[in-house]
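Sequential numbering of the sequence shown, starting at 2, is according to the working numbering.
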Amino acid sequence: MSILIDEHTKVVVQGITGRDGSFHTKQMIDYGTKVVAGVTPGKGGEKVEGVPVFDTVKEAVDATGANTSIIFVPYKFAVDALYEAGDSGVNLIVCISEGIPAMDMAKVVRFFGEKRVNLIGPNSPGIISPGKCKVGILPGHIFKRGSVGVISRSGTLTYEIATHIVSAGFGISTCLGIGGDPIIGLKFIDCLKLFEEDPETNATVLVGEIGGTDEEETAKYIKLNIKKPVLAFVAGRTAPSDKRMGHAGAIISGGSGTAAEKILAFNQANVKVAEEPAKVGSLLKELF
Numbered sequence: 002m003s004i005l006i007d008e009h010t011k012v013v014v015q016g017i018t019g020r021d022g023s024f025h026t027k028q029m030i031d032y033g034t035k036v037v038a039g040v041t042p043g044k045g046g047e048k049v050e051g052v053p054v055f056d057t058v059k060e061a062v063d064a065t066g067a068n069t070s071i072i073f074v075p076y077k078f079a080v081d082a083l084y085e086a087g088d089s090g091v092n093l094i095v096c097i098s099e100g101i102p103a104m105d106m107a108k109v110v111r112f113f114g115e116k117r118v119n120l121i122g123p124n125s126p127g128i129i130s131p132g133k134c135k136v137g138i139l140p141g142h143i144f145k146r147g148s149v150g151v152i153s154r155s156g157t158l159t160y161e162i163a164t165h166i167v168s169a170g171f172g173i174s175t176c177l178g179i180g181g182d183p184i185i186g187l188k189f190i191d192c193l194k195l196f197e198e199d200p201e202t203n204a205t206v207l208v209g210e211i212g213g214t215d216e217e218e219t220a221k222y223i224k225l226n227i228k229k230p231v232l233a234f235v236a237g238r239t240a241p242s243d244k245r246m247g248h249a250g251a252i253i254s255g256g257s258g259t260a261a262e263k264i265l266a267f268n269q270a271n272v273k274v275a276e277e278p279a280k281v282g283s284l285l286k287e288l289f
């Protein structure tokens, strides 16, 4: 098994006629993902990489049975794209778009909760279940199928740590980047619940970073609820306070949200924390 996506996932690409949408549509198809439809208003009837284009997501879902949407839409149109996808009947939405205002995302996340639709992102690299399906921009060739789940707030660190996991002789059941913005859909705890129930996953690696309190809340949840081993890496040990570090959510404000606080919280939950990405593999070897 895997979580959220598998070989039966059918994908509709919102923004398929744009530069990024068309490029990554081909990458996903080449990986083996079933991309069954695309959407660009006003361009219904066209085709991109052999994929039919529709004017609306609902039309695409009704015609093809798509159950997952991925959004490659500029930020000023992304909120409307999210609402349209949430009303279309798909059960998973991956939002690659970045720069969406936090106040807008707060309303979107509440809407998705009411709809009971899973949202990954925004500002996410997507999700991959190696050998089965890729919905996103992750480089598929670095991933190998196996039993380690990966949940990350950082895109590029996701790739680096996945490489170290594979180099250490392990494979990955599902890897997803939940996004680096302050307001996102699925969080660490939501994904940990899914990995805990997934028989193919034996351990989970969390990739956190400075800012917010998700890591601290996750540590408390792990201590009380998670039985499978969890490892972590936290980026930003030397980050200065009150200076945003790349991601919109990565900022130490008022002395809270530091890497030290997050590492302490994980340690108190018996979660081993790697000092650097390369040591994630050796920590996994200590477990298995």
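We put the CB at the ideal spot given by N, CA and C, even for glycine.
Leu284 is classed as buried because its beta carbon has at least 16 other beta carbons within 10 Å across all chains shown. About 12 Å separates the CB atoms of Gly51 and Val14; that is not less than 8 Å, and the two are not in contact.
Under the three-state reduction of DSSP output, Arg238 falls in the coil class, being neither helix nor strand. Every alpha helix (DSSP H) stretch that sits fully inside the region 56-134 and reaches 4 residues is listed by chain position as 58-65, 76-87 and 103-116. Under DSSP, Val36 forms a beta bridge with Val12. A Cβ-Cβ contact shorter than 9 Å links Gly180 with Gly122. Taken through DSSP and simplified to helix, strand or coil, Lys273 comes out as strand.
When secondary structure is reduced to three states using DSSP, Ile30 falls in the helix class.
The secondary-structure analysis by DSSP pairs Arg146 across a beta bridge with Ile173.
Out of Gly213, Ile227 and Asp191, the CA that lies nearest to the CA of Asn203 is found in Ile227. In the DSSP assignment, Gly209 falls outside any alpha helix (DSSP H) and within the unbroken beta strand (DSSP E) covering Ala204 to Glu210. By the neighbour-count definition (other C-beta atoms within 10 Å, threshold 16), Gly170 is an exposed residue.
In the structure shown, the three-state DSSP call for Lys48 is strand.
Note: Leu232 is bridge-paired with Val206 and Lys273 in the DSSP secondary-structure output. At a Cβ-Cβ threshold of 9 Å, His9 and Gly137 do not count as neighbours. In this structure, Val167 sits away from Val206, with a CB-CB distance that is not shorter than 9 Å.
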